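K.L.:
Count along the sequence shown from 1, add 9, and you get the number used in the numbering used here. Questions regarding the structure given below will be posed in turn.
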Amino acid sequence: MTSKKFSISGLFIHGFLLSVVAVNLFPVLWMISSSLKTQDEVFGSASMIPKSFQWSNYIYAWTNGNFQTYFANSLLYTAATLLGVILISSMAAYAFAQANFKGSKVLFYFFVASMMIPIPGAFIPLYVLLIKLDLANTRLGLIIPYINSGLALSIFILKGFFEGVPKEIHEAATIDGCGTFGTYWHIYLPLAKPAIMVVCIFTALNVWNEVLLALVIINDQNLMPIQRGVLEFQGQHFTNYPLLMAALTISTLPILTLYFLFQRHIIKGLSEGALKE
């Protein structure tokens with residue numbers, strides 16, 4: 010009787026999860042399908058399988074849509090943001106976890122609370138500040154807000170990992186003559202590789218998919234990241250949807266590939282880092 014109940018409940022759970030997967034996969038499949046159709050077929054046929062596969066949509070979107078520039082810009086923004094977030098958040102997390110200075114808890118909770126502030130809520134003061142610093146419509150003017158937006162969650166994840174490192178390791182490093190920065194750089198940072206991997210994945214996902222900040226800060230086509238560049242395929246009076254879907258598919262592939270390659274590290278990092286006590 011117990012095994013029967015278990016199998017029925019298991020069947021229900023698996024059925025529910027499969028339905029959730031189907032609902033989430035359908036827009037992706039529809040996007041890929043539409044990218045291989047003609048404009049008339051997108052509106053005239055509900056079939057997911059194109060009558061003739063229009064691979065030329067991808068070639069046109071890549072060559073004639075300035076997509077090489079958008080792609081290179083996104084790689085640059087993502088790499089620069091990752092470098093800044095990892096360095097700043099790891100040092101801040103180490104200080105919060107080990108220094109125990111006066112007011113450290115209040116300051117840490119302040120950082121955590123900043124995660125609840127939506128990015129659009131800071132658009133006006135941010136844009137005014139960037140104009141005064143002459144950073145509007147520049148690469149640096151986009152990279153700095155990207156780094157800032159990724160710090161709170163990264164500090165939260167890395168602090169949890171650093172607090173789980175045995176104190177004996179810190180004491181042994183101190184006895185061996187390792188200073189504060191040396192202990193952080195040579196001991197704690199290498200041990201935090203699983204948590205850093207999680208930070209890298211989350212940060213890369215956020216930067217690669219971000220469009221609102223880029224829409225506000227960047228106007229020059231040669232500086233646009235890939236998601237901002239995709240909007241250029243959408244016209245005011247007419248939109249070529251197969252080309253738009255091809256552009257969206259191209260922009261999605263790198264981040265999907267990154268996630269599938271490192272999904273094991275994400276799970277390991279979450280279990281050993283963010284959830285470690």
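For every residue, glycine included, the Cβ atom is placed at its ideal position computed from N, Cα and C. Everything numeric in this text was worked out from a predicted model, so none of it was measured.
Note down the Cα distance separating Ser-28 from Asn-228, rounded to an integer number of angstroms.
P.N.:
Position 19 of the sequence shown, counting from 1, holds the residue named residue 28. Position 219 of the sequence shown, counting from 1, holds the residue named residue 228. Spanning the two alpha carbons is a distance of roughly 41 Å.
K.L.:
Nearest by alpha-carbon distance to Gly-159: which of Asn-249, Phe-120, Leu-267 is it?
P.N.:
In the sequence shown, residue 159 corresponds to position 150, counting from 1. Ranking Asn-249, Phe-120, Leu-267 by Cα distance to Gly-159 puts Phe-120 first.
K.L.:
Nearest to Val-220 by alpha carbon, out of Val-207, Cys-187, Ile-235?
P.N.:
Sequence index remark: in the sequence shown, residue 220 carries index 211 (1-based). Comparing Cα positions, the closest option is Ile-235.
K.L.:
What is the rounded straight-line gap between the Cα of Asn-249 and the Cα of Gln-48?
P.N.:
Along the sequence shown, read from residue 1 onward, the residue named residue 249 stands at position 240. Along the sequence shown, read from residue 1 onward, the residue named residue 48 stands at position 39. Answer to the nearest angstrom: the Cα atoms are 7 Å apart.
K.L.:
Just to confirm the assignment, what range does the alpha helix (DSSP H) spanning Lys-202 have?
P.N.:
Translated into positions along the sequence shown, residue 202 becomes position 193. Unbroken alpha helix (DSSP H) run through Lys-202: 202-218.
K.L.:
For Leu-198, which residues of its own chain have a beta-carbon under 7 Å away from its beta-carbon, when the five flanking residues on both sides are left out?
P.N.:
In the sequence shown, the residue the question calls residue 198 occupies position 189. Excluding sequence neighbours, Leu-198 sits near Ser-99.
K.L.:
Is it the case that the region 59-74 contacts the region 129-144, given that we only count it when at least three CB pairs across the two stretches are under 8 Å?
P.N.:
With the cut-off at 8 Å, the region 129-144 and the region 59-74 do not touch.
K.L.:
What is the DSSP secondary structure of Thr-147, reduced to helix, strand or coil?
P.N.:
Here the question's residue 147 lines up with position 138 in the sequence shown. Looking at Thr-147 - three-state DSSP - the assignment turns out to be coil, as it is neither helix nor strand.
K.L.:
Assuming Met-124 and Ala-161 form a contact by the criterion Cβ under 8 Å, report the distance between their Cβ atoms to the nearest whole angstrom.
P.N.:
Numbered from 1 along the sequence shown, position 115 holds the residue referred to as residue 124. Numbered from 1 along the sequence shown, position 152 holds the residue referred to as residue 161. Rounded, the Cβ-Cβ distance is 5 Å, consistent with contact.
K.L.:
Using a threshold of 9 Å, state whether the C-beta atoms of Lys-251 and Val-51 are closer than that.
P.N.:
Counted from its first residue, the sequence shown places residue 251 at position 242. Counted from its first residue, the sequence shown places residue 51 at position 42. The sequence given here places Pro at residue 251; Lys does not occur at that position. Cβ atoms of Pro-251 and Val-51: closer than 9 Å.
K.L.:
I'd like to confirm the pairing. Which residues does DSSP put opposite Gln-243 in its beta bridges?
P.N.:
Translated into the one-based positions of the sequence shown, residue 243 becomes position 234. Note: Gln-243 sits in a beta bridge opposite Thr-248.
K.L.:
Would you call Gln-77 buried or exposed, if buried means 16 or more other Cβ atoms sit within 10 Å of its Cβ?
P.N.:
Along the sequence shown, one-based indexing puts residue 77 at 68. Exposed, since its Cβ has fewer than 16 Cβ neighbours within 10 Å.
K.L.:
Can you tell me which of Gln-63, Tyr-79, Leu-167 puts its alpha carbon nearest to the alpha carbon of Ser-260?
P.N.:
For the purposes of this step, residue 260 is identified with residue 251 of the sequence shown, where counting begins at 1. Nearest C-alpha to Ser-260: Tyr-79.
K.L.:
By alpha-carbon positions, which one of Leu-224, Ala-106, His-23, Leu-92 ends up nearest to Thr-147?
P.N.:
For this step, residue 147 is matched to residue 138 along the sequence shown. It is Leu-224.
K.L.:
For Gln-272, which of Phe-242, Val-207, Leu-149 has the nearest alpha-carbon?
P.N.:
On the sequence shown, residue 272 is found 263 positions in, with the first residue counted as 1. Among Phe-242, Val-207, Leu-149, the Cα nearest to that of Gln-272 is on Val-207.
K.L.:
Which residues in the same chain have their Cβ closer than 8 Å to the Cβ of Leu-240, if we skip the five residues on either side of it in sequence?
P.N.:
To locate residue 240, count along the sequence shown from 1; it is residue 231. Val-220, Leu-224, listed in sequence order.
K.L.:
Hey, how far is the Cα of Phe-25 from the Cα of Ser-56?
P.N.:
Your numbering for residue 25 matches position 16 in the sequence shown. Your numbering for residue 56 matches position 47 in the sequence shown. Phe-25 and Ser-56: Cα-Cα distance of roughly 25 Å.
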